[in-house]
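Those protein sequence lines, which keep their order, are chains R and B.
Under the working numbering, think of the first position of the first sequence as 2, with each following residue one higher.
Under the working numbering, think of the first position of the second sequence as 2, with each following residue one higher.
Below is one structure, written out as structure tokens, with a few remarks after it.
2 protein chains.
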Amino acid sequence: MILSRTSQYAIQTLIYIATQPRGEPVLARKAAERLGVPPAYLAKIMQVLSRGGILDSFRGPSGGFVLKAGAEKTNLMEIVNLIEGPGLVGTCVLGLKVCSDATACPMHAKWQPIKMNVLKLLQEQTLEKLAVAVASGLYRIADLPAQFVSGESENVVNVVTLNSAS
Amino acid sequence: MILSRTSQYAIQTLIYIATQPRGEPVLARKAAERLGVPPAYLAKIMQVLSRGGILDSFRGPSGGFVLKAGAEKTNLMEIVNLIEGPGLVGTCVLGLKVCSDATACPMHAKWQPIKMNVLKLLQEQTLEKLAVAVASGLYRIADLPAQFVSGESENVVNVVTLNSAS
DNA sequence: TCTATTTAGGATATTAGTATCTTTAAATCT
DNA sequence: AGATTTAAAGATACTAATATCCTAAATAGA
């Protein structure tokens, strides 16, 4: 609920792509299958990520999506801003149109530090870091682990690529 | 965005009612006017708060809504749970259906403490505390301060009631 | 050049959240 | 009893988020 479903899909997908070998475009269809999210919807989201400069896309056979050069350094805040616009950190907890240090809602003072922590966390988590965590096998980005997604048994995560990227 | 608009309206309204003298029922219409929120919608929300045991309601002339006995101790988490159901603290940031210490998304470990802080804050903020803060004049629960809402000049906040409640 | 594959883009459908309206029931006052 | 005031309840409308579908454009390979 803090992140929209669309943001969640976007983040999951980008982490997934970041765990895949560079130079081998990822198909929207494959990503959707791996993550268990609606394929047509994910395709739309990936379009946005391309237009937003995080992904590169290629059409036709052997096409698909790859991380744009340098995009491993993208942090989660940037992704959320691209998908949802600002607002996560910009708006008042209680919904006031104006709520600043000068004139505030009664939650303002205590909410501020929490908001800052959220911001900091989202900013320090990059695709690179998260992809390494997932590739280690200790964490997952989908409810089903890779082995149980049909047709994924061959596709083993390329940890080498990840390590060389950090 | 962390709280739904409905939750925000509910909280604003409850704080407003908590700043009003006990025993003088607050009209849905008046609360909506004071807070600048849609009257018909707010009426529905107040119905939920009544059914949820936070407000008492009375029909007919001199009717309206009052805080149920003891409801000044209600905290924001209880209100949000009533309006939105759990989920705020119950769900994974990245949207995984299962994400626990045992099997987690890559954000889990770092998100956990922030979630706890949010939970703690919402739990320690009671209507009573927030009403006192608002009654002090240092904080507001609506974009327009009370003096500028038409027909509100007579209705002065009853700070005595608040103090005796704490 | 033809066909197959894949993303791009636009149109449409579905669902949940937000909001309004109308009717009914309860209470008060005359 | 009748009129007025207020919340309760149900129906309906609007909007944004989520999701699907279809056609077009690009690319690769035969």
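We put the CB at the ideal spot given by N, CA and C, even for glycine.
Partners in chain R for residue i, counting only beta-carbon separations shorter than 9 angstroms
i	result
residue 142 (chain B)	95, 97, 106, 107
residue 13 (chain B)	95, 96, 97, 106
residue 111 (chain B)	122, 125, 126
One or two residues paired with residue i in a DSSP bridge
i	result
residue 208 (chain B)	Residue 208 (chain B) cannot be examined here, being either before or after the span of chain B that is shown, 2 to 167.
residue 10 (chain B)	Paired residues: none, contrary to the question.
Closest Cα partner of residue i within the set the options
i	options	result
residue 60 (chain R)	R:68, R:130, R:26, R:120	R:26
residue 20 (chain B)	R:126, R:137, R:107	R:107
residue 131 (chain B)	B:75, B:90, B:5	B:75
residue 63 (chain B)	B:115, B:36, B:40, B:31	B:31
residue 129 (chain B)	B:40, B:69, B:4, B:33	B:69
residue 99 (chain B)	R:34, R:54, R:141, R:99	R:141
residue 36 (chain R)	R:10, R:90, R:24, R:56	R:10
residue 14 (chain B)	B:39, B:3, B:24	B:39
residue 8 (chain R)	R:85, R:33, R:144	R:85
residue 125 (chain B)	B:113, B:97, B:73	B:73
residue 143 (chain B)	R:114, R:93, R:122, R:102	R:93
residue 66 (chain B)	B:104, B:137, B:16	B:16
residue 78 (chain R)	R:23, R:109, R:122	R:122
residue 4 (chain B)	B:137, B:135, B:120	B:120
residue 137 (chain R)	B:22, B:105, B:83	B:105
residue 101 (chain B)	R:80, R:34, R:139	R:139
residue 114 (chain B)	B:103, B:97, B:90, B:135	B:90
Beta carbon proximity, residue i to chain B, threshold 8 angstroms
i	result
residue 35 (chain R)	no
residue 135 (chain R)	yes
residue 60 (chain R)	no
residue 167 (chain R)	Annotation note: pLDDT 37 at residue 167 (chain R) (below 50); position unreliable, no value reported.
residue 162 (chain R)	Model confidence at residue 162 (chain R) stands at a pLDDT of 48, short of 50, so the residue's coordinates are unreliable and nothing is read from them.
Residues that residue i contacts on chain B, provided the C-beta gap is smaller than 9 angstroms
i	result
residue 45 (chain R)	Per Cβ cutoff of 9 angstroms: no residues; residue 45 (chain R) is ~17 angstroms from chain B at best.
Interface partners of residue i on chain B, CB under 8 angstroms
i	result
residue 115 (chain R)	115, 118, 119, 122
Within-8 angstroms CB hit, residue i to chain R
i	result
residue 21 (chain B)	no
residue 131 (chain B)	yes
residue 3 (chain B)	yes
residue 6 (chain B)	yes
Neighbour list for residue i in chain R, Cβ cutoff strictly below 7 angstroms
i	result
residue 9 (chain B)	95, 96
Point to revise | Length-filtered (4 minimum) alpha helix (DSSP H) runs lying within the segment 68-126 of chain R | key: 77-85, 109-125
Review point. In the segment 16-59 of chain R, which residue ranges form an unbroken beta strand (DSSP E) of at least 3 residues, counting only runs that do not cross its ends?
Key: Listed in chain order, they are 56-59.
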